[in-house]
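A.B. asks:
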Amino acid sequence: MTGLIPSAYLLTAKDLAEIDALLGQILSGGLHTVEDSGFHEDAPVLAHGLPLALRRHLYEFRLKEPSAACLVRGFVLDDDALGPTPATWREAGSSGPTLTAEVFFYLCATILGESAAWSTKQDARLMHDIVPVEGDEDKQLGSGSNTVLTWHTEDGFSDLRADYLGLMCLRNHSATGTTVASVDTMSFDARTAAVLREPRFEIVPDGSHFQPISATVRASLGAELLARGLTRLEHMRDSPAPVSLLFGARERPYLRADQYFARAIDGDDLAAEAYASLAEEVASRLEPVILEPGDVLFLDNYRAVHGRDSFQAKFDGTDRWLKRLNLVRNLRDSMEYRSSPSTRVMV
Ligand SMILES: O=C(O)CCC(=O)C(=O)O
Ligand SMILES: [Fe+2]
């Protein structure tokens, strides 16, 4: 196990029996998909039925911030029963043979935060599929494969970005690493740290935020909210507001950065130098975490940057397949960009 995750939680046989009973109860109620809004409303309460030690472990990760990543290992998956890895996220859907795993993942996630979706990503679904897509091999997207997905804070350009990113591994025959670096392992000289704390950098949205929005999602958001949100997104792309890359407590800072989509403001040589030091430091700290089927990995998006090693996709139904959740501590922060308090889609 990597040094990044000092306290992985290994599910015991007793835990698995309790989880099995809880999932059986939830699924016997007729749940067909984790995209069910009734399930979203109930999930934080249903999660009280998870094993106590697991809930404690997850809550401690949130409260005490002992590490930048938290791994829950031992959920049992039958590779054959999952069916083929879908060719695209659109084909995946959140039902059928992966439902039980998704419900477990979602329940664990509610101990850390509220799930939130982007209208622009994967048709506003909460539960994303990360699969290699033919044609995207060399793109800086979760659907890429041949090219390393460079390290980044998830949605680092946005103040509405996740507090936690959840990944559940369904299949990883290629043993492809999710790369992670914790800000705790990085050190900067005082001058560099001071510059990184100043708003002398910009981060622009990646291509995943400019996918077409379906008519259904458009209608559910309404024209005014949609126009306001999209104008804001374009503004963040075309004239991003200056941000700092380190923030929070001096002794244990938080980090927001992106190897590909962040840069020093044009003409600021000191900031460019500080950014180069940061990039070098991150690159030297990045470690692969090879997710195994059934693994649930939560990354603290304020304390870890992550990416993915390159791999050769086969596009034959056996490729790597992860599920992903975007979690925030406080849904209210995005109220201006959602249509109601309990609606989880942000423009
Ligand atoms: O594929 C992975 O391991 C991580 C992909 C990624 O960066 C993400 O899902 O945000
Ligand atoms: Fe990511």
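Going by the numbering used here, the first residue of the sequence shown is number 175, and it counts up by one from there. Glycine is no exception: its CB is placed at the ideal position from the N, C-alpha and C atoms.
I believe K313 touches Q385 by the beta-carbon criterion, under 8 angstroms. Please report the beta-carbon distance rounded to the nearest angstrom.
C.D. replies: K313 to Q385, Cβ: 12 angstroms. No contact.
A.B. asks: Could you check if N475 is buried or exposed, using at least 16 other CB atoms within 10 Å of its CB as the buried criterion?
C.D. replies: Buried, by the Cβ-count rule.
A.B. asks: Please report how far the alpha carbon of Q486 lies from the alpha carbon of F472, in whole angstroms.
C.D. replies: Q486 and F472 have their C-alpha atoms roughly 25 angstroms apart.
A.B. asks: Tell me whether L344 sits in a helix, a strand or coil according to DSSP, three-state version.
C.D. replies: strand
A.B. asks: Measuring alpha carbon to alpha carbon, tell me which residue in E372, A445, H409 is nearest G422.
C.D. replies: Of E372, A445, H409, the residue nearest in Cα terms is E372.
A.B. asks: Under 6 angstroms from any heavy atom of ligand 1, does the C-beta of T405 make it?
C.D. replies: no
A.B. asks: Mapping DSSP to helix, strand and coil, what is G212?
C.D. replies: helix
A.B. asks: Between F213 and L220, what straight-line distance do the alpha-carbon atoms span, to the nearest angstrom?
C.D. replies: The straight-line gap from Cα to Cα measures roughly 9 angstroms.
A.B. asks: Would I387 and S293 be called neighbours here (beta carbons separated by less than 7 angstroms)?
C.D. replies: yes
A.B. asks: Assuming Q433 contacts T324 under a Cβ cut-off of 8 angstroms, what Cβ separation, rounded to an integer in Å, is found between them?
C.D. replies: Between Q433 and T324, the beta carbon gap of about 4 angstroms places them in contact (Cβ cut-off 8 angstroms).
A.B. asks: Given R411, which residues of its chain have a CB within under 6 angstroms of its CB, disregarding the five upstream and five downstream residues?
C.D. replies: V378, P379
A.B. asks: Give a yes or no on whether the C-beta atoms belonging to A336 and L460 are separated by under 7 angstroms.
C.D. replies: Not in contact: A336 and L460 (Cβ atoms no closer than 7 angstroms).
A.B. asks: So the beta strand (DSSP E) D303 belongs to, where does it begin and stop?
C.D. replies: 302-304
A.B. asks: Using the Cβ count rule (16 or more neighbours within 10 Å means buried), how would you classify Y511?
C.D. replies: buried
A.B. asks: Spatial neighbours of L496 within its chain, please: CB distance less than 6 angstroms, with the 5 preceding and 5 following residues excluded, ordered by chain position.
C.D. replies: I304, L341, C343
A.B. asks: Below 6 angstroms, is the gap between the Cβ of E328 and the nearest heavy atom of ligand 2?
C.D. replies: True, at least one ligand heavy atom lies under 6 angstroms from that Cβ.
A.B. asks: State the DSSP-derived secondary structure class of I193, mapped to helix, strand or coil.
C.D. replies: helix
A.B. asks: Could you tell me the alpha carbon to alpha carbon distance between A291 and A227, rounded to whole angstroms?
C.D. replies: 29 angstroms
A.B. asks: Consult DSSP for F235 and reduce its assignment to one of helix, strand or coil.
C.D. replies: helix
A.B. asks: Measure how close the beta-carbons of V277 and V208 come, nearest whole angstrom, since I'm counting them as under 8 angstroms.
C.D. replies: Taking 8 angstroms as the upper bound for CB-CB distance, V277 and V208 are in contact here, some 6 angstroms apart.
A.B. asks: Identify which residue in L224, V369, R229, D210 has its Cα closest to the Cα of S451.
C.D. replies: V369
A.B. asks: Counting pairs of Cβ atoms below 8 angstroms between the segment 239-256 and the segment 272-288, do you hit three or more?
C.D. replies: yes
A.B. asks: If we count Cβ pairs, one from each stretch, closer than 8 angstroms, do we get three or more for the segment 283-290 versus the segment 227-238?
C.D. replies: Enough Cβ pairs lie closer than 8 angstroms, so yes.
A.B. asks: Please confirm whether H347 and T492 have their CB atoms less than 7 angstroms apart.
C.D. replies: yes
A.B. asks: Looking at V417 and F362, is the spacing between their C-beta atoms short of 7 angstroms?
C.D. replies: Note that the C-beta distance between F362 and V417 is not below 7 angstroms.
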